[in-house]
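Undergrad: Numbering follows full-length UniProt numbering, with no gaps: position 121 of the sequence shown is 121.
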Amino acid sequence: MNTISILGTGWLGLPLAQDFIKAGYEVKASTTSENRITDLASIGAKPFIVNIDTLTDSVKDFLQSDILIVNITSKNIDGFSNLVARIEASNIQKIIFVSSTSVYENSKRIMTESDTEYYKESPLLEIESLFQHCRGTETTIVRFGGLIGYRRHPGNFFKSKRVVQNPDAPVNLIHRDDCVGILREIVEQQIWDEIFNCCADTHPGKREFYTRAANLIDNTPPEFGESNASVGKIISNHKVKQLLNYEFKHPDLMKLVFNGSTV
Numbered sequence: 001m002n003t004i005s006i007l008g009t010g011w012l013g014l015p016l017a018q019d020f021i022k023a024g025y026e027v028k029a030s031t032t033s034e035n036r037i038t039d040l041a042s043i044g045a046k047p048f049i050v051n052i053d054t055l056t057d058s059v060k061d062f063l064q065s066d067i068l069i070v071n072i073t074s075k076n077i078d079g080f081s082n083l084v085a086r087i088e089a090s091n092i093q094k095i096i097f098v099s100s101t102s103v104y105e106n107s108k109r110i111m112t113e114s115d116t117e118y119y120k121e122s123p124l125l126e127i128e129s130l131f132q133h134c135r136g137t138e139t140t141i142v143r144f145g146g147l148i149g150y151r152r153h154p155g156n157f158f159k160s161k162r163v164v165q166n167p168d169a170p171v172n173l174i175h176r177d178d179c180v181g182i183l184r185e186i187v188e189q190q191i192w193d194e195i196f197n198c199c200a201d202t203h204p205g206k207r208e209f210y211t212r213a214a215n216l217i218d219n220t221p222p223e224f225g226e227s228n229a230s231v232g233k234i235i236s237n238h239k240v241k242q243l244l245n246y247e248f249k250h251p252d253l254m255k256l257v258f259n260g261s262t263v
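1. Tell me whether Asp-218 is buried or exposed, calling it buried when 16 or more other Cβ atoms sit within 10 Å of its Cβ.
2. Taking the straight line between their C-alpha atoms, what separation do you get for Ala-214 and Glu-88?
3. Excluding five sequence neighbours on each side, which residues of the same chain lie with their C-beta closer than 7 Å to the C-beta of Asp-201?
4. Go through the stretch 177-223 residue by residue and report every complete run of the alpha helix (DSSP H) that reaches 4 residues or more, in order.
5. Would you give the residue range spanned by the alpha helix (DSSP H) that Pro-123 belongs to?
6. Just to confirm the assignment: which complete beta strand (DSSP E) runs, minimum length 3, are found wholly within the UniProt domain "NAD(P)-binding" (8-148)?
7. What is the C-beta distance between Gly-8 and Ser-30, in whole angstroms, given that I count them as a contact (C-beta under 8 Å)?
8. Report the three-state DSSP secondary structure of Leu-256 (helix, strand or coil).
9. I'd like the span of the beta strand (DSSP E) that includes Leu-173, first residue to last.
10. What did DSSP end up calling Pro-154 once you bin it into helix, strand or coil?
11. Have a look at Pro-222, Ser-99, Gln-132, Phe-157 and flag the residue whose alpha-carbon is nearest the alpha-carbon of Ser-122.
12. If you drop the 5 nearest sequence neighbours on each side, which residues of the same chain put their C-beta closer than 8 Å to that of Trp-11?
13. How many whole angstroms separate the CB atoms of His-203 and Val-171, which I take to be in contact at a CB cut-off of 8 Å?
14. How long is the line joining the alpha carbons of Phe-62 and Asp-193, rounded to whole angstroms?
15. Closer than 8 Å: is that where the CB of Cys-179 sits relative to any heavy atom of the ligand NAP?
16. Return the Cβ separation of Thr-139 and Ile-69 in integer angstroms, given the expectation that the two are a contact with Cβ distance under 8 Å.
17. In terms of alpha-carbon separation, which member of Arg-135, Gly-205, Leu-243, Ile-92 lies closest to Lys-108?
18. Can you tell me whether Glu-128 is buried or exposed, with buried defined as 16 or more other CB within 10 angstroms of its CB?
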């Protein structure tokens, strides 16, 4: 399987496309903006305009691939339903759907992929199900925690004077380098019909983590409320490390090396 279509080439999708191209894959990359066509072509990808809100017949060529990676933030269930119908009529055999650990309720426990009773009502779960039931394909769901790295510097997440509640609640974050690494390993190892929760190993409290992040770039840390008891889930990454034998590049959030405005 040497041809990959990546739906969504923003902060995560663009470096992901570059990584697969470097590894020798043929990559088709989508954008919703004509202005980015040249940028995508310049990295060696074959660019396409694809918008799931208004799918056209041009998506047929985009879907002439072995693998589809869906990496967009849309919650348009009707749009995704239409996309799945197009996939079922295409050559796509394998799908990775990039989802989020936000599908779990904020319960004070360690969440694993089997904790389905802790799902909260979410359009993401409906969209995940659409892909899992896409005829003729196998789908792996990848649920990332909060995304950090490069232009997403956690020291900039909160404006000064904003009050952040539950200061001792744990954070569930993952660096972009690890997002790319995990997606690459799923494809390389051909791990399909699975669900993976993906976060760094450590889960410091909000106060500890965001204060350090802000101080390291000379930002004023946010204010932290004291009225609410600590509550919050911890996302386990045990399965992704065990099944993929994946070693995180940034396992300890409190040891991230900051360089200017990048992580």
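Glycine included, each C-beta is placed from N, C-alpha and C at the ideal position.
TA: Reading off the structure:
1. exposed
2. 47 Å
3. When the five nearest sequence neighbours on each side are left out, the beta carbons in the same chain lying within less than 7 Å of the beta carbon of Asp-201 are those of Asn-237, Phe-248, Pro-251, Asp-252, in order along the chain.
4. 206-216
5. 123-132
6. Runs of the beta strand (DSSP E) lying entirely within the UniProt domain "NAD(P)-binding" (8-148), each at least 3 residues long, are 26-31, 46-49, 67-70, 94-100, 138-144, 146-148 in chain order.
7. 6 Å
8. coil
9. That run of the beta strand (DSSP E) goes 173-175.
10. Correct three-state label for Pro-154: helix.
11. Ser-99
12. Leu-147, Tyr-150, Arg-151, Arg-152, Arg-176
13. 6 Å
14. The C-alpha of Phe-62 lies about 23 Å from the C-alpha of Asp-193.
15. The model on display carries no ligand, and the ligand NAP is accordingly not part of it.
16. Actually they do not touch by this definition, with Cβ atoms about 11 Å apart.
17. Gly-205
18. Result: buried.
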